[in-house]
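Structure first, commentary second.
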Amino acid sequence: MRRLRIFVIILAVIIGLAGYWKYRENVYSKEVLKLEILGPTETTLLQEIEYAVKYKNNGNFNLEEAKLVFECPKNSLECSVAGKEKSPEEKKSLRKEFSLSTIYPGEEKIIRLKTRLLGKENETKEAKATISYRPKNLKALYDSSTTFTTQIKQVLLNFEFDFPSKAESGRELKFSLNYFSNLDYPLSNIGVKVEYPSGFQFLESKPQSLEKTDFEIKSLNKTEGGRIEINGLLTGNAGEQKIFRAVFGIWKEGEFIVLKEAMRGVEIIEPSLYISQLINGKPDYFAQIGDFLHYEIYFRNLGTKPFENLSLIAKLKGGLFDLSNIKSDSGENTSGDNTIVWDWKKVPELKFLDSGKEGKIEFWVNLKSDEQPGPGENPSVTDEIIFPGQTKKEFLTKINSKLILTQKGYIDDEIFGSPGPLPPRVGEKSYFTVVWQVENFYNKIGNAKVKAVLSPLAELTGKIFPENAALTFDSNSRELLWQIGDLEPGTEKKVQLAFQLALNLKEAERFSTLLMTPAEISGEDKWTNQILSTKTLPLYTNFSEMIIGEGIMPYSTSTGD
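All letters in the sequence shown, in the order written, are residues 1 to 561 by full-length UniProt numbering.
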């Protein structure tokens, strides 16, 4: 019995020592080696960044057979040790191993690595470091790990759909995907994938596609861009929204890495008709402030019996009508009154209108030019056509917004400055800043964009303000495209874009050089659903007239008429 007690006591001591030893090992592995990764928490797509892997032996024992494994974030473009030239093949490997041999007590070291991150805007990427080691006089191997997360905060790529927000069912739809790079690092092995909605039938594209949905772009350097044009048939029910999606990315070791996404919807629409009218010769007229309107009212007998001794009344509703200036050959109106009356005594078709026959009356009226609707009021005028005792119909005429585009050129400006010679000299590069300013007055504008063609003598420098502006440049056609998107109405809500151009002149071009073709702004009036557009004049630089002191080019153009 006594021996049994001794055995139990010895066994308990052994178990206790084993537990203590295990506890000691755990505390040892967590506290002895300090390991951390230092680096940027935010970066721009493909910007070179540096990680610093820092480790320190805080214990009193040597850490032997130490080995560090560092893993660059998934899909990084490359991974290399800072300060050491590596072959392209070595840079491809995102896993780096280092033999640290023995880490002595108190020893602290840093290993630096460089990489470029690939991914979408706001995507996070994680780097990982692991050190394995064996404490001196111990047989067990331990490891310590840590991670570091970096967010891709900015992607200097523009990738946008360009097509109308509404389309008729069964009609051909042409649209484009515009892309532009302002990255400091060149892109290669680029791919674009398009996802079409149900009811879309692909017809053709430029450039040609792979399986109708995939497109290849060989390379893209800084300030280069282009477009993919697609043509197809779209069918659907009225009011249905059709969503187009696309992704822009690169192929890396057989995997497609998305860098930018685009999505755009188009609404299916269809028209209808009864008592008809034309305004200024058009069945669907959209007016401008100050317009002179010619109304032609048509009325057709769709029944089987004739109408006799009819009268017709037109009521003009809306404060934008100039009621002091109504004209009509056969209608009666009192100045300042909003009503015009026609009777059968002056209009033969009102006296007798047989089955299937059509009659017509007309009048003229001005819209006020001195009364401006407020922003966002959805300005319109209404005319109500009444056949007393028979029928009536009301027509709404919407009033378009007013767009003004100003195009100005500067030297020695406050935005970018002009590092070239002032005044510019033949044979030397000169730098100019072009500013586009847009004003929208009455209605919200959607899909607003400005286009211009850059002179072959001029080139973009890559300086754009604001940096995230959706500016693209087609290197083949030399067309600049600024996709503004939505424009709110109001004179205080001006939108502007500045970009720098470099110009290298020859002797023959020194006195009158075309810098930019007329700039054209277009956009869809969200109230009238009309595409509005207006142009500036071309932009020249006449060096003999340049005002050096103020630093402003002598020629600026604007329009809004």
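For every residue, glycine included, the Cβ atom is placed at its ideal position computed from N, Cα and C.
Test item: CB-CB of residue i and residue j under 8 Å
| i | j | result |
| --- | --- | --- |
| E261 | A470 | no |
| I37 | T115 | no |
| Y295 | D162 | no |
| G225 | S181 | yes |
| L234 | F307 | no |
| N378 | W527 | yes |
| A129 | E195 | no |
| L457 | T513 | yes |
| P489 | S401 | yes |
| K429 | A502 | yes |
| residue 563 | F244 | Residue 563 cannot be examined here, being either before or after the span of the chain that is shown, 1 to 561. |
| L77 | V155 | no |
| G523 | K449 | yes |
| L35 | S144 | yes |
| A287 | L405 | no |
| G462 | K212 | no |
| I190 | L45 | no |
| R134 | E31 | no |
| L117 | T150 | yes |
| L487 | P518 | no |
| I297 | E362 | yes |
| E204 | N237 | no |
| N57 | P105 | yes |
| I445 | S369 | no |
| F321 | N333 | no |
Rounded C-alpha distance that separates residue i from residue j
| i | j | result |
| --- | --- | --- |
| N60 | N468 | 54 Å |
| K360 | L350 | 9 Å |
| P207 | I411 | 38 Å |
| D214 | R227 | 14 Å |
| I10 | Y55 | 42 Å |
| E42 | E371 | 52 Å |
| D284 | S276 | 10 Å |
| R300 | A167 | 30 Å |
| L157 | L323 | 54 Å |
| K242 | L515 | 40 Å |
| P271 | F200 | Interpretation of P271 is limited by its pLDDT of 41, a score under 50 that renders its predicted location unreliable; no figure is taken from the coordinates. |
| K174 | P164 | 9 Å |
| R112 | A140 | 29 Å |
| R425 | Y540 | 16 Å |
| I531 | I521 | 10 Å |
| K315 | L293 | 15 Å |
| G336 | G281 | 26 Å |
| S99 | L68 | 6 Å |
| G39 | K125 | 12 Å |
| K74 | N122 | 15 Å |
| L94 | I257 | 16 Å |
| Y442 | I250 | 43 Å |
| N440 | K91 | 51 Å |
| K317 | K493 | 30 Å |
| C79 | E172 | 48 Å |
| K305 | K393 | 21 Å |
| R478 | K451 | 10 Å |
| S475 | V453 | 10 Å |
| residue 562 | L396 | It is not possible to answer for residue 562, since the shown part of the chain is limited to 1 through 561. |
| A82 | A127 | 16 Å |
| E358 | I340 | 20 Å |
| D263 | G427 | The amino acid at residue 263 is misidentified as Asp; the sequence shows Met. Distance between the alpha carbons of M263 and G427: 45 Å. |
| K218 | V192 | 11 Å |
Contact belief for residue i with residue j at Cβ below 8 Å, rounded distance in angstroms
| i | j | result |
| --- | --- | --- |
| W364 | K327 | 4 Å |
| L210 | P186 | That pair is no contact at about 23 Å. |
| K96 | F70 | 5 Å |
| F465 | A498 | 5 Å |
| I103 | A52 | Wrong, their Cβ atoms sit about 17 Å apart, outside the cutoff. |
| L480 | V438 | Contact doesn't hold; Cβ gap of about 14 Å is too wide. |
| L302 | W344 | The Cβ separation is near 19 Å, so there is no contact. |
| I269 | P388 | At roughly 34 Å, the Cβ-Cβ gap does not stay under 8 Å, so I269 and P388 are not in contact. |
Residues bridged to residue i (per DSSP)
| i | result |
| --- | --- |
| L113 | Y51 and V81 |
| L141 | L141 is not bridged to any residue. |
| G226 | Y179 |
| W436 | Q407 and L497 |
| Y431 | A502 |
| F161 | L177 |
| V450 | W482 and I521 |
| E71 | R95 and K128 |
Whole beta strand (DSSP E) runs in the segment 244 to 274 with 3 or more residues, listed along the chain? Qualifying beta strand (DSSP E) stretches, in chain order: 255 to 269.
Restricting to runs no shorter than 3 residues, where is the beta strand (DSSP E) found entirely within the segment 327 to 407? The segment 327 to 407 contains these whole beta strand (DSSP E) runs: 339 to 343, 358 to 367, 380 to 387 and 391 to 398.
Whole runs of the beta strand (DSSP E) within the segment 463 to 495, excluding any shorter than 3 residues: Within the segment 463 to 495, the complete beta strand (DSSP E) runs of at least 3 residues are 471 to 474 and 479 to 487.
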